[in-house]
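I have placed the structure first, in the form of structure tokens, so that the comments after it can refer back to it.
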Amino acid sequence: MSRRLFFKIFVFLTGLVIVISRLTMIFTIKEQPVGPNVNYLITPNELCEKQDGFYGLEKNSLDVVFIGSSNIHCNINPNVIWNSFGITSYDFSCDQQELGTSYYYLQQVFETQKPKVVVVDIMGNGEQDEIDNTRAHFAFDHMKNDIYKYKAIWNRTKSARLEMMFPLIAYHDRWKELTQNDYQYIPNQYNILKGAFIYMTANECERPQIPTEIPVSELPEKTKYWIEAIQELCNEHECKCLFIKAPYSFYEDSWFSYFNAFEDYCVDKGFSFINLNKYVDDMGISFATDFSDGMHMNWEGQQKLSIYIGDYLVKHYSLEDKRGVTDYSKWDDDYLEMTNLIDDFWDIYNNM
């Protein structure tokens with residue numbers, strides 16, 4: 009092959025990659041309508057700005073990273089934890105994330121951060137050989153392109169690998185829905201909410217009734233595999249791992265057995281796990297006022313859970329209080345900006 013031909017091919021392929029990348033950014037879904045929420049005012053492109061914000065963080069700047077599904081970012085607020093305890097943290101999560109996907113998110117965490125603790129919500133047990141396309145798009149559309157993303161796609165979406173690697177395949181017919189925001193969107197690598205999602209509405213939920221007799225069950229082998237893989241990865245990076253189950257109101261009967269089996273397995277293996285549903289009274293959680301829906305807390309509940317888990321982290325791990333340290337003053341600014349918007353939320357939202 010002549011140098012001239014090689015150069016032409018190189019230029020063509022480079023241009024093709026640039027065009028596909030730009031079209032993918034335009035066509036990929038960046039937000040979803042979910043009712044009144046603070047993110048609409050600050051990070052309207054929530055689906056991508058959560059991940060982009062993590063990738064833009066200063067290297068090795070986090071004490072704690074929260075991993076998991078929407079039970080993480082709707083229920084735990086890093087700014088609240090900072091204001092109360094001086095701990096730096098981030099919700100590196102995505103909707104419907106399960107343990108298999110959490111493992112690959114954690115791989116990316118250790119590329120740029122050296123957290124002292126990783127907190128993993130166990131909502132999705134990872135027992136499936138592959139995840140459905142909806143979950144996969146939530147997980148991978150806005151994940152940074154690196155070896156861990158492509159390993160995740162290869163191992164978690166075996167029947168839709170091409171679509172996940174090139175999401176334009178799924179979104180190419182979205183051209184009728186495109187808005188000015190899609191064309192003008194530029195990745196924002198600073199997220200003042202640190203990945204959190206803040207619902208403002210309150211919907212009364214029933215307190216879950218825990219059965220007096222819960223059937224004994226065995227964790228699926230795939231679930232055990234991912235638990236041990238996550239724990240081993242944390243050990244390799246000299247990071248503590250805490251598995252949790254965040255509180256919520258809506259339950260399926262099988263979940264009680266799953267949570268108990270998970271706890272028994274962790275006790276047997278010497279892993280750390282806390283089922284926070286057992287401590288809702290200690291937190292002061294009200295099922296009448298603190299939830300937006302059966303599975304997600306609103307701002308009121310989010311504050312209570314965040315303070316509880318922040319206190320737990322301080323008591324069980326050696327985490328330094330960085331409040332008052334000049335290098336971390338931006339965390340104070342972000343908390344203040346967040347609370348100011350929350351105080352004025354309804355006036356702003358109703359006039360938009």
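The opening position of the sequence shown corresponds to residue 9 in our numbering, with each subsequent residue numbered one higher.
Just so you know, even glycine gets a beta-carbon here, dropped at the ideal spot from N, CA and C.
Only a predicted model underlies this, so the values are computations on that prediction, with no experimental measurement involved.
Isoleucine 37 and aspartate 149 have their alpha carbons spaced roughly 9 angstroms apart. The criterion of a C-beta distance shorter than 7 angstroms is not satisfied by glycine 43 and threonine 220. DSSP, reduced to helix, strand and coil, places histidine 304 within a strand of the structure shown. Glycine 302 sits close to serine 257, with the two beta carbons spaced by under 7 angstroms.
Rounded to whole angstroms, the gap between the alpha carbons of aspartate 154 and glycine 278 is 32 angstroms. For the options Tyr111, Tyr273, Asp355, the alpha carbon positioned closest to that of alanine 237 is the one of Tyr111. DSSP places phenylalanine 251 outside any alpha helix (DSSP H); the residue lies instead in the beta strand (DSSP E), whose first and last residues are 248–253. Between histidine 245 and phenylalanine 118, the C-beta spacing is below 7 angstroms.
Inclusion of leucine 114 and isoleucine 75 in the CB contact set at 7 angstroms is warranted, their separation being smaller than that value. When DSSP reads this structure, glutamate 106 sits in a beta bridge with Gly132.
Contact between the region 250–270 and the region 121–140 is present, with at least three C-beta pairs closer than 8 angstroms.
Annotation for alanine 269: Ser225, Glu226, Leu227 place their beta carbon closer than 7 angstroms to its own, counting only its chain and skipping 5 residues before and after. Less than 7 angstroms divides the Cβ of valine 88 from the Cβ of serine 314.
Where valine 275 is concerned, the enclosing alpha helix (DSSP H) starts and stops at 261–277.
For asparagine 283, there is no enclosing alpha helix (DSSP H); the residue is found in the beta strand (DSSP E) stretching over 280–283.
For the region 323–353, the continuous alpha helix (DSSP H) assignments of 4+ residues that do not extend past its boundaries occur at 337–351, in sequence order. For tyrosine 98, the enclosing beta strand (DSSP E) covers residues 97–101. Of the residues assessed, asparagine 79 falls on the buried side of the cut-off, its CB having 16 or more other CB atoms within 10 angstroms.
Our two residues, serine 265 and serine 97, have alpha carbons roughly 31 angstroms apart in a direct line. Close CB contacts of methionine 291 within its chain, under the 7 angstroms cut and outside five residues either way in sequence, are with Lys312, Leu313, Tyr316 (chain order). In the DSSP assignment, phenylalanine 74 falls outside any alpha helix (DSSP H) and within the unbroken beta strand (DSSP E) covering 72–76. Here valine 127 carries a strand assignment [DSSP, helix/strand/coil]. In the structure shown, the three-state DSSP call for tyrosine 207 is strand. Taken through DSSP and simplified to helix, strand or coil, phenylalanine 299 comes out as strand.
Within the region 152–236, complete alpha helix (DSSP H) segments of at least 4 residues are found at 155–164, 169–173, 176–179, 188–192, given in chain order.
Counting C-beta pairs with one atom in each stretch, the region 91–105 and the region 60–72 have three or more that are closer than 8 angstroms, which means they touch. Per DSSP, aspartate 137 lies in no alpha helix (DSSP H) and is assigned neither H nor E. Note on serine 101: 16 or more other CB atoms within 10 angstroms of its CB, so buried under the neighbour-count rule. In the same chain as alanine 144, and ignoring 5 residues on each side of it, the C-beta atoms closer than 6 angstroms to its own belong to Thr165, Met172, in chain order.
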